[in-house]
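Engineer: Sharing a structure, written as structure tokens. Questions coming.
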Amino acid sequence: MKINLALEWFLNPDHIPFIVGIKNGYYKEVGIDLNIIVPDEHYDGFKALKNGEIEMALNEPLHLIEQFDENMLSLGNFFETEGGVLLSKAGKERLLNSEKIKISSPVSNEITNSIAIEILRRYAKKQGVTIDPSNISIDEVDFYHIKNIQNGYDGAWLVFENFEGVEAKFYGIEHTLINSKNGGFPNFSALSIFTTKSFYNKNKKVVDDFLMATKKAVEKVKSDKIAARDSYYDFVKEEPSILMDKIIDDTLGRFDESFDSDAKAQKELLEFFRSIKITNLDYETFKTAFLRG
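So the sequence shown is numbered by the numbering used here: it starts at 573 and just counts up by one.
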């Protein structure tokens with residue numbers, strides 16, 4: 573059976589298990605022809621999934637809450653990193669001096685902007701500073717976060733430790749990545765596999781086989797990191813580089829072969845977004861989007 577899997581962004585090392593699964597024939601072994609779709613926009617996968625145009629999509633778990641639909645089904649987080657808002661040294665100083673700062677982001681809307689501002693507010697409060705949200709402007713630019721900071725932005729939103737954190741260190745950029753550890757909020761920097769209840773109910777064995785093959789691929793990735801790195805370069809037709817080697821090496825240890833569809837594992841995240849009034853979604857409704865509540 574052909575399974576169309578839409579990514580959340582451009583093809584990158586976060587998606588290595590699916591590449592390894594394809595190249596090693598793990599999906600073929602269970603009768604699945606996996607087709608990876610690279611979207612034009614961040615929410616394209618969700619839209620296609622809701623419209624029944626594809627069978628599966630990847631995205632951050634926070635978007636299940638933001639884009640909640642009664643037909644959506646989360647199959648769990650196969651990958652987790654740390655992420656949030658990355659500030660340059662100057663940007664951090666401006667924030668804590670209650671000056672105006674400009675943040676770049678690949679996505680800018682009322683919901684995602686308010687999350688970024690809340691992260692900055694919590695971080696500043698830990699430093700004894702109360703910030704004025706009107707001092708923070710968030711521009712929708714692109715996902716080249718480090719380039720944007722080098723071009724004058726004070727920081728970037730929707731950045732991740734295994735990617736931009738590694739890249740900032742590589743280029744010697746003094747920075748602070750405000751994440752769950754220093755910002756005081758539940759970690760939502762992960763990737764979930766989504767399908768729909770209607771597809772799952774009609775194709776339970778296909779979904780189970782897909783998950784089995786994906787977990788097998790994760791085990792392979794973690795046991796043979798050199799082969800996983802080589803598979804990535806070959807699949808994306810990209811020349812190896814020192815920076816990408818560092819990003820891949822950091823990423824490979826962040827995959828989880830024991831992931832499952834468990835609402836309780838994401839309950840704290842729901843409560844966080846409820847507390848800052850991003851959603852009024854209740855847990856009883858939320859847990860229907862998982863196989864285990």
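Ideal Cβ placement from N, Cα and C applies to all residues, glycine included.
Nothing here was measured: the structure is a model prediction, and the numbers come from that model.
1) If you measure between the beta carbons of ALA789 and ASN607, is that distance less than 8 angstroms?
2) For the beta strand (DSSP E) containing VAL731, list its first residue and its last residue.
3) Keeping to the same chain, check which residues put their C-beta closer than 6 angstroms to that of THR823; ignore five residues upstream and five downstream.
4) Are the C-beta of HIS587 and some C-beta of chain C separated by less than 8 angstroms?
5) Kindly give me the distance between the Cβ atoms of ILE750 and ILE718, rounded to whole angstroms, as I take these residues to be in contact under 8 angstroms.
6) Taking Cβ to Cβ, would you say LEU783 is nearer than 8 angstroms to GLY727?
7) Where does THR823 sit, in a helix, a strand or coil, going by DSSP?
8) Could you please give the first and the last residue of the uninterrupted beta strand (DSSP E) stretch that includes HIS747?
9) Rounding to the nearest angstrom, what Cα-Cα distance links LYS859 and MET628 in this structure?
10) Quick check: the Cα distance between THR889 and GLU601, rounded to an integer number of angstroms?
11) Quick check on ARG864: buried or exposed, where buried means 16 or more other Cβ atoms within 10 Å of its Cβ?
12) Among the candidates GLU712, LYS622, ASN707, ALA861, whose CA atom is the shortest distance from the CA of ASP832?
13) Here's the rule: buried if 16 or more other CB atoms are within 10 angstroms of the residue's CB, otherwise exposed. What is THR702?
14) Tell me the start and end of each unbroken alpha helix (DSSP H) in the region 597-648 that is at least 4 residues and wholly inside, in chain order.
15) So, helix, strand or coil for LYS672, using DSSP?
16) Alpha carbon to alpha carbon, how far is ALA800 from ILE691?
17) Kindly indicate which residue of LEU667, GLY617, LEU634, PRO633 has the alpha-carbon position closest to the one of ILE626.
18) Please tell me whether LEU621 and PHE766 are closer than 8 angstroms, where the distance is taken between their beta carbons.
19) Anyone know if the C-beta pair for LEU645 and GLU580 falls short of 8 angstroms?
20) If you compare alpha carbons, which of ILE850, VAL679, SER813 is closest to TYR716?
21) Please identify the residue among GLY656, GLN699, LYS674 whose C-alpha is closest to the C-alpha of ALA688.
22) Under a three-way DSSP split, which group does ASN720 fall into?
23) Would you mind sorting ALA781 into buried or exposed? The rule is 16 or more other CB atoms within 10 Å of its CB.
24) Quick check on ASN723: buried or exposed, where buried means 16 or more other Cβ atoms within 10 Å of its Cβ?
25) Which term fits GLU654, buried or exposed, when burial requires 16 or more other beta carbons within 10 angstroms of its beta carbon?
26) Select from ARG846, PHE651, ASP704 the residue whose C-alpha is nearest the C-alpha of PHE757.
27) Here's the rule: buried if 16 or more other CB atoms are within 10 angstroms of the residue's CB, otherwise exposed. What is GLY700?
28) Which parts of the region 806-853 are runs of the alpha helix (DSSP H), unbroken and 4 residues or longer, counting only runs that do not cross its ends?
29) How would you write the range of the beta strand (DSSP E) that ILE708 sits in, first residue to last?
30) So who's on the other strand from SER866, going by DSSP bridges?
31) DSSP on GLY593, reduced to helix/strand/coil?
32) Quick one: give me the first and last residue of the beta strand (DSSP E) that VAL657 is part of.
Structural biologist: This is what the structure holds:
1) no
2) 727-732
3) PRO585, ASN734
4) Among the chains of the structure shown, chain C does not appear; only one protein chain is present.
5) Contact doesn't hold; Cβ gap of about 16 angstroms is too wide.
6) no
7) helix
8) 747-750
9) 19 angstroms
10) What the structure shows of the chain is the stretch from 573 to 865, and residue 889 is not part of that stretch, so it cannot be assessed.
11) exposed
12) ALA861
13) exposed
14) 598-601, 616-622, 634-638
15) coil
16) 34 angstroms
17) GLY617
18) yes
19) no
20) VAL679
21) GLY656
22) helix
23) The identity of residue 781 in the sequence shown is Asp, whereas the question assumes Ala. So ASP781 ends up on the buried side.
24) exposed
25) buried
26) ARG846
27) exposed
28) 814-824, 839-847
29) 708-712
30) An answer regarding residue 866 cannot be provided, because it is not within the stretch 573 to 865 covered by the chain.
31) helix
32) 655-660
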